[in-house]
Amino acid sequence: MPIEVKNINKSFISKKNDQLSVLKDINLNIDDGELVCLLGPSGCGKTTLLRLIAGLDQPTSGEIIANGEKVVEPSGDRAVIFQQYSLFPWLTVLQNVTFGLEMTNKGSKEENIETAERYLTRVGLIDFKDSYPHELSGGMKQRVAIIRSLLNHSPILLMDEPFSALDMQNRHKLQEQLIGVWKRFENTIVFVTHDVDEAVYLADKIVIMDKNPGRINKIIEVDIERPRKRDSKEFIALQE
Ligand code: ADP
């Protein structure tokens with residue numbers, strides 16, 4: 001069981017010195033290799049829960065166990081991917097993407113370049129592989145950064161609305177890339193979204209959260225063998 005969320009409560013002190021309860025009695029088990037979406041309206045505590053799993057903040061009470069150890073601080077095993085990204089300005093697009101692959105020393109240099117080129121081709125950026133970040137538009141930079149994060153081989157990926165600023169076409173492409181990476185590397189992924197279609201497309205398990213204070217309302221287990229084609233009968237049925 002790589003992630004166990006046990007009786008988590010989280011409060012913040014507001015500017016007026018009131019106690020603001022943001023998460024209440026959250027219990028959740030995330031299995032090895034599972035792709036879990038946290039779904040709920042803005043302000044229900046999704047980011048707060050993700051930050052606790054990442055070790056970026058501590059719960060008021062309760063505990064989180066990741067890979068058998070209590071989470072007390074951030075760790076390289078749990079990569080966090082936010083909506084804002086940064087690329088290394090002194091590296092080309094291709095070098096930015098192979099950077100993560102090379103860090104983990106898996107595969108030869110040629111294999112890493114081949115993998116990076118394949119993913120850049122799929123998101124339509126192969127012609128820019130030798131460009132530097134300042135030569136790209138904001139959306140292009142974002143796509144490069146997402147590919148780089150997806151390929152960094154972290155066993156646990158914690159993703160906070162990573163695609164929400166992209167247009168529909170690129171959003172769909174990157175959702176497909178994410179599924180491709182996840183199937184290949186079998187990472188455990190916790191993905192925050194407020195978009196039902198996105199959760200239904202991606203998730204093995206959808207955790208639906210309520211507001212005031214944030215609680216888990218319902219957990220839907222999705223058939224992982226389902227076709228992920230957006231126009232399939234199974235997919236349309238799931239959205240209803
Ligand atoms: P979501 O990701 O579901 O939109 P958040 O986890 O970002 O929700 O926020 C949940 C609630 O917690 C919001 O009301 C937000 O204002 C509050 N909150 C989040 N972080 C802090 C903080 N550091 N201090 C005070 N309030 C916070």
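Be aware that the sequence shown starts at 1, since it is given in full-length UniProt numbering, and climbs by one per residue. Beta carbons: idealized from backbone N, C-alpha and C, even for Gly.
I'd like to know whether the C-beta atoms of residue i and residue j end up nearer to each other than 8 Å.
i, j, result
"Val123", "Gln177", "yes"
"Val190", "Ile53", "yes"
"Asn7", "Asp31", "no"
"Gly33", "Glu186", "yes"
"Lys46", "Val192", "yes"
"Thr115", "Leu101", "yes"
"Ala165", "Leu87", "no"
"Ser75", "Gly55", "yes"
Closest to residue i by C-alpha separation, out of the options, would be which residue?
i, options, result
"Thr188", "Ala79, Ile64, Leu174 and Leu166", "Ala79"
"Asp130", "Arg171, Ala66 and Ile113", "Ile113"
"Phe99", "Phe185, Val200, Glu63 and Ile147", "Ile147"
"Glu198", "Arg184, Asn170 and Glu117", "Asn170"
"Gln142", "Met103, Glu161 and Ser11", "Glu161"
"Asp57", "Gln239, Thr92 and Glu73", "Glu73"
"residue 243", "Gly138, Pro155 and Phe185", "Nothing can be reported for residue 243, as the shown portion of the chain is limited to 1 through 240."
"residue 275", "Ala237, Leu158 and Arg230", "Any question about residue 275 goes unanswered here, given that the chain covers just 1 to 240."
"Tyr119", "Ser108, Ile179, Ala165 and Pro155", "Ile179"
"Met140", "Ile220, Asp18, Ile126 and Leu238", "Ile126"
"Val196", "Leu23, Leu39 and Val22", "Leu39"
"His153", "Leu87, Met103 and His194", "Met103"
"Pro2", "Glu234, Leu50, Ile156 and Asn9", "Ile156"
"Leu151", "Arg184, Asn67, Pro133 and Val71", "Arg184"
"Lys205", "Leu35, Cys44, Ser108 and Leu28", "Leu35"
"Leu133", "Leu91, Arg51 and Leu49", "First, the amino acid is wrong: residue 133 is Pro here, not Leu. Out of Leu91, Arg51 and Leu49, Leu91 has the C-alpha closest to the C-alpha of Pro133."
"Pro59", "Asn27, Gly43 and Pro89", "Asn27"
Is any beta-carbon of chain D found at less than 8 Å from that of residue i?
i, result
"Val144", "Looking for chain D here will not work: only one protein chain is present."
What are the partner residues of residue i, as DSSP defines its beta bridges?
i, result
"Cys37", "Phe191 and Ile206"
"Ile126", "According to DSSP, which records beta bridges pairwise, Ile126 is partnered with nothing at all."
"Val80", "Leu158"
"Ser21", "Ser11"
"Glu73", "None, per the DSSP bridge assignment."
Item checked: Quiz: which residues have CB nearer than 5 Å to the ligand ADP non-hydrogen atoms -> Phe12, Val22, Ser42, Gly43, Cys44, Gly45, Lys46, Thr47 and Thr48
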